[in-house]
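Taken in order, these protein sequences are the chains called A and B. By the count of full-length UniProt numbering, the first sequence reaches residue 581 at its end, each step adding exactly one. By the count of full-length UniProt numbering, the second sequence reaches residue 581 at its end, each step adding exactly one. Note that CB positions come from ideal geometry on N, CA and C, so glycine has one too. Each remark here refers to the structure printed beneath this line.
2 protein chains.
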Amino acid sequence: MVNFDQVWTRHLLLFVVILIIYFVSEARGAWQNSVKAKVVSKLQEHKVDKFPGNQTHSDHFKLLERDGNYLLVGTKNIVYNISLATLQEKKRLEWFSSEDDIKVCRVKGKSEDECQNYIRVLALKSESVLFVCGTNAYKPVCRDYNQTENEYKYVEEHSGEGLCPYDPNHNSTAVFAGPINHRTDGDLYVATVAQFSGADPLIYRKPLRTEQFNLKHLNSPNFVSSLHHEDYVYFFFRETAVEYINCGKTVYSRVARVCTKDKGGPHKYRNRWTSFLKARLNCSVSGEFPFYFDEIQSTSDIIEGFYRGRKSKIIYGVFTTPVNSISGSAVCAFRLDDILETFDGPFKWQEDINSNWLPYQNSKVPEPRPGQCVNDSRTLPEMTLNFIKDHTLMDRAVPAYWSQPLILHTGFGYRYTCITVDPQIETVDGSKYDVLFIGTDTGKVIKAINAASASSDNKVVPVIIEEVIVFQNQAPVTSLLVNNFAFQLKLIVVSKDEIYSIPLHDCERYALTCSECVALQDPYCAWDENRQRCTSAEPRGWLHGKFVQNISHGWDDKCPEDRHSTTSLSVARENGEFLLC
Amino acid sequence: MVNFDQVWTRHLLLFVVILIIYFVSEARGAWQNSVKAKVVSKLQEHKVDKFPGNQTHSDHFKLLERDGNYLLVGTKNIVYNISLATLQEKKRLEWFSSEDDIKVCRVKGKSEDECQNYIRVLALKSESVLFVCGTNAYKPVCRDYNQTENEYKYVEEHSGEGLCPYDPNHNSTAVFAGPINHRTDGDLYVATVAQFSGADPLIYRKPLRTEQFNLKHLNSPNFVSSLHHEDYVYFFFRETAVEYINCGKTVYSRVARVCTKDKGGPHKYRNRWTSFLKARLNCSVSGEFPFYFDEIQSTSDIIEGFYRGRKSKIIYGVFTTPVNSISGSAVCAFRLDDILETFDGPFKWQEDINSNWLPYQNSKVPEPRPGQCVNDSRTLPEMTLNFIKDHTLMDRAVPAYWSQPLILHTGFGYRYTCITVDPQIETVDGSKYDVLFIGTDTGKVIKAINAASASSDNKVVPVIIEEVIVFQNQAPVTSLLVNNFAFQLKLIVVSKDEIYSIPLHDCERYALTCSECVALQDPYCAWDENRQRCTSAEPRGWLHGKFVQNISHGWDDKCPEDRHSTTSLSVARENGEFLLC
């Protein structure tokens, strides 16, 4: 007689061994700091909330804005207002293109699906006024809406040219910012593409824009994100590198900035930025021949924390190698002060079309220095404005804080697509770690920590806690958001057609013993010596002294098992639903 | 009671499944034409001959020359003359450095191991005269030896400066070539490094050399191979790309050539090449942003065959990505005619230090065109000689024949190190394939075919037949050589410390049925319908009509099993000694 239990045990064992071999083979001979996840897991359905959207056609979800405990999601002809806590729809804004607009769009050769109104830009002008832009069947339009408790009321319409792309798939980014950081009196800053053909990329705030068709301003850019901080709005994007043209065609990652006080220049400069500057972002593995991850895909918000012994503001970014190359992804962090310093450094310039791009001699830069924030840009001299027109690129690249990628992944398994950060999570010993959530193009979410964030030296020891299979259909993750509103601690995971809300941590599921709990190196999890279980802080504070945790080493001799051994265990549980390596 | 056989069967099954998972995961989501080997095998000891060398210290084997059925191998203080058929030593040439030379070397701070005489250059001046150069304790020296049936007799000594490196680890290459292709009256062409510090790389044939310390001639080169063909000697190497300096530091692969009739110029040019030109080799995956394999590691000899419908001479090369990057290797082929055409194309030049590198206007190139083979180079005008001094680099890169890599491998498993080719193997249907043997830095040999070599179109369908684990200690394969002397059909595999001779094919071992035999896609193997076994041609000719073989598809409906299915089988045999995927 065959024992059914035995057969299954054997199957399970086989599966586990295969997975171990698989992950060991992934890490084998690894380049620099390529590491494997400690836990590989599937979702537990009862712990997941889902917003399925319209299930009959593709939604092209775009996470637009967070309004307190609610999320505004732009899709085809609809803005959904959904609760962050439950992912239930609270209300919706429906806006269809007129039949005339659709007819013209169809005549121009676009498909029925393309000739819809995809909502791509949204800003809260005030608590009650919503500014919304849609592709409107390849004829972008913006509208003001008044919102009440249960509905949205149409107020008025404006042209959407320069504010919203024609093509729903174009990567645009927008941020609402006031000159004095006051929302009701603010402006919309957009990086998008104008014209039906998509040939005119621009960074725009009415009426100022980057120079049209000037490759030194923008050269086939792919916009990734925008941020407002103090006097400046920052844009992150990748574009064809004009300074590289003599060496071949390549894409570089950039950060650009404009001043919120910019009023344009006098006369012919009245519709042009006087403050537009850009610089390369350097996310590379150093060496005699550095290896660059050149294509930025996503950034976090500005994260404020204590790093390398001092308070700093940093931005995390996801970078990849080009599509036509051996696949690699990396997470780098950039300090806001380093970005500012780069913009205060030398300009890059090319004397004539056949010259090399070189640093511009600082002593020759006109006064007032071009690209600064001034009180009235309309009084700037011609010399400064002429200079900024052709010298938008800084000579130095912004160096990555910690000088190297914090996390990297190579191989054809997947690429990173986006990142969000739960910043400065306090551990039992009082040190603080940034927890990184990284989406992949195969529907996974990687949970990692910036282990360097709690260390005073410059050493990067990458720690990947978990790899969660979120979308079974392998849909790429397009956005991530940490919902820590009222300590609900959920991670919002967005794909083109679905939104999931999953737990930020699940300490007890993955660790049954003290040493397993400590081996996770998860700042959310510690071993509760009284209750003898792996638990998380409630609400986000530890009662010091009763918990065992060791994020930097992954073992602690307070654990009985760890008194004899410094290596973590290899245990598999729950029928292959997750694997603890 | 436990059945011992059953336990082992299960273990075997487990092992096989793991291997399958492993190789599937390697190939998963593969970029372009990354493919897996059909057979992964270990050596069968009784089919392998070995030359172990000295087993007490490292030998630094270097394959120097083939003399009929014998192989000359340079090592520490010795040249071994070993039989290709048996790998038995026939005779040896011993040459130790003098005690004085060793003393001086030790005083200069080199180790005892470095202060030995490593034989790095060897040429057969005639059937009886051997020209040998050794590092001679960091004071290179060359000697003539007379060889008799059983021994070598010292004749005379010359300085080895410029002919042999100081450092035994330096990559040098040398070829003996006559101006009229006549060995007894020939010259030694060497690409190596002069000076104790290794700071002076050069391509040299007494008395002509490349310009000293001129980065436009040679910029930190790593020499790979040299070939003599008709009027020219070709050198393959990688070096820091001078034309890329404004875009960062990178390495490019090059082919350079000098004319064997070159006599140097008049006056100040009397010790300089008048014919030295070089060009970039382009081994890349095309795309809007091409992906380059920039570091050449090895080349084959010149292979003559029928490709794309016409007779051509091609050279296969192994290229890799840089060490500090995501690991990738590729095999590209270059047609001799394309190399010649590149040398006849525009020159690249830089007007001044801050200019871009651009094509030089053809109409401005002086006459006679610099870099050509002329009867008396000493009569060349000043203008031509001045031009060639600063314009050694061609503007265009030599394109890969078939426009792309023929075989490529990505991932951290291994890198390709070297290649040899058994050319134009005739199959049952009369078409001819080049069989490629590629060494790796982990002691493996990959057996692949250039499937495009028998097809008239430009399509590349990579076929990897076998991956053989040759060196159990994972020692990098440094050279490969096909021994088809007297139809012995062996592959000579060289590492730093060992030389193995292994079978070129083993049809019967890997395939027991017709469909398995055909699925191998091995030009050496066909299914013998009479004898009902997978067999090889003897000696290298097929009795047409009785054999089933289909190299391009890997299946044939003449096989009974294949009449119903077009997929090959997954079978494992011989206790994991090899795996048929």
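Task: CA-to-CA distance, Asn-214(B) to Glu-295(B), given in whole angstroms - done: 21 Å
Open item on the list: Between Cys-247(B) and chain A, is any beta-carbon pair separated by less than 9 Å?
Closed with: yes
Open item on the list: Rounded to whole angstroms, what is the Cα-Cα separation between Ser-126(A) and Ala-177(A)?
Closed with: 12 Å
Task: CB contact check: Asn-324(B) to chain A, cutoff 9 Å - done: yes
Open item on the list: So for residue 585(B), helix, strand or coil by DSSP?
Closed with: Past the edges of chain B, shown from 1 to 581, lies residue 585(B), and the structure says nothing about it.
Open item on the list: Determine, for Asn-33(A), whether the minimum Cβ-Cβ distance to residues of chain B falls below 9 Å.
Closed with: Confidence in Asn-33(A) is poor, its pLDDT being 43 and thus under 50, which makes the residue's placement unreliable; the coordinate value appears in the next sentence. It does not; no Cβ of chain B falls within 9 Å.
Open item on the list: I'd like the ranges of any alpha helix (DSSP H) spanning at least 4 consecutive residues and lying wholly in the region 253-326 of chain B.
Closed with: none
Open item on the list: Using beta carbons (cut-off 9 Å, strictly below), is residue 583(B) in contact with chain A?
Closed with: Beyond the ends of chain B as shown, which are 1 and 581, falls residue 583(B); an answer cannot be given.
Task: Buried or exposed (CB count within 10 angstroms, at least 16 for buried), Asn-375(A) - done: exposed
Open item on the list: I want to see whether chain A comes within less than 9 Å of Asn-356(B), judged by CB atoms only; does it?
Closed with: yes
- [ ] Count the other CB atoms, across all protein chains shown, that sit within 10 Å of the CB of Ala-279(A); report buried if there are 16 or more and exposed otherwise.
- [x] buried
Task: Contiguous beta strand (DSSP E) assignments of at least 3 residues, all confined to the region 415-443 of chain A - done: 416-426, 432-440
Open item on the list: Checking 9 Å against the spacing of the C-beta atoms, do Leu-336(A) and Ser-312(A) come in under that value?
Closed with: yes
Task: Amino acids of chain C, ordered along the chain, whose beta-carbon sits closer than 7 Å to that of Tyr-244(B) - done: The question asks about chain C, but that chain is absent: this structure's protein chains are A and B.
Task: Proximity below 9 Å, CB of Ser-501(B) to CB of Tyr-416(B) - done: no
- [ ] Indicate whether at least one CB of chain A lies closer than 9 Å to the CB of Pro-290(B).
- [x] yes
Open item on the list: Taking contact to mean 3 or more Cβ pairs, one atom from each stretch, closer than 8 Å, check whether the region 530-539 of chain A and the region 501-521 of chain A are in contact.
Closed with: yes
- [ ] To the nearest angstrom, report how far apart Arg-309(B) and Arg-120(B) are at their CA atoms.
- [x] Per the sequence shown, the amino acid found at residue 309(B) is Gly instead of Arg. Those two C-alpha atoms are separated by around 40 Å.
Task: Proximity to Glu-508(B) [Cα-Cα], best of Ile-388(B), Thr-420(B), Val-428(B), Cys-525(B) - done: Cys-525(B)
Open item on the list: Between which residues of its own chain and Ser-58(B) is the CB-CB distance below 8 Å, once the five residues before and five after are set aside?
Closed with: Lys-76, Asp-113, Lys-496, Asp-497
TODO: Taking Val-470(A) as part of the alpha helix (DSSP H), name the residues at either end of that continuous run.
DONE: Element bounds for Val-470(A): n/a, residue is neither H nor E.
Task: Min CB distance Gly-198(B) to chain A below 9 Å - done: no
Task: Ordered list of alpha helix (DSSP H) runs contained in the region 337-395 of chain A, each at least 4 residues - done: 382-390
Task: Whole-number beta carbon distance between Phe-223(A) and Thr-192(A), since they are thought to touch under 8 Å - done: 7 Å
TODO: Express the C-alpha separation of Leu-504(B) and Gln-44(A) in angstroms, rounding to a whole number.
DONE: 54 Å
Task: Contacts of Thr-410(A) in chain B (Cβ-Cβ under 7 Å) - done: Ile-326
- [ ] With 9 Å as the threshold, decide whether the Cβ of Val-251(A) is near any Cβ in chain B.
- [x] yes
TODO: With 9 Å as the threshold, decide whether the Cβ of Val-285(A) is near any Cβ in chain B.
DONE: yes
Open item on the list: For Cys-105(A) and Pro-140(A), I'd like the C-alpha separation in whole angstroms.
Closed with: 11 Å
Task: Cβ neighbours of Val-35(B) in the same chain (closer than 6 Å, five flanking residues each side left out) - done: Pro-462, Ile-464
Open item on the list: Would Phe-347(A) and Asp-395(A) qualify as a contact pair, given that the criterion is a beta-carbon distance under 9 Å?
Closed with: yes
TODO: Have a look at the DSSP bridge pairing and note the partners of Asn-246(A).
DONE: None; Asn-246(A) has no bridge partner.
Task: Lys-389(A) classed as buried or exposed, judged by whether at least 16 other C-beta atoms fall within 10 angstroms - done: buried
TODO: Please say whether Ile-449(A) and Ile-438(A) have beta carbons closer to each other than 9 Å?
DONE: no
- [ ] Could you tell me whether the Cβ atoms of Leu-481(A) and Leu-63(A) are closer together than 9 Å?
- [x] yes
- [ ] Determine the DSSP secondary structure at Ser-98(A), reduced to helix, strand or coil.
- [x] coil
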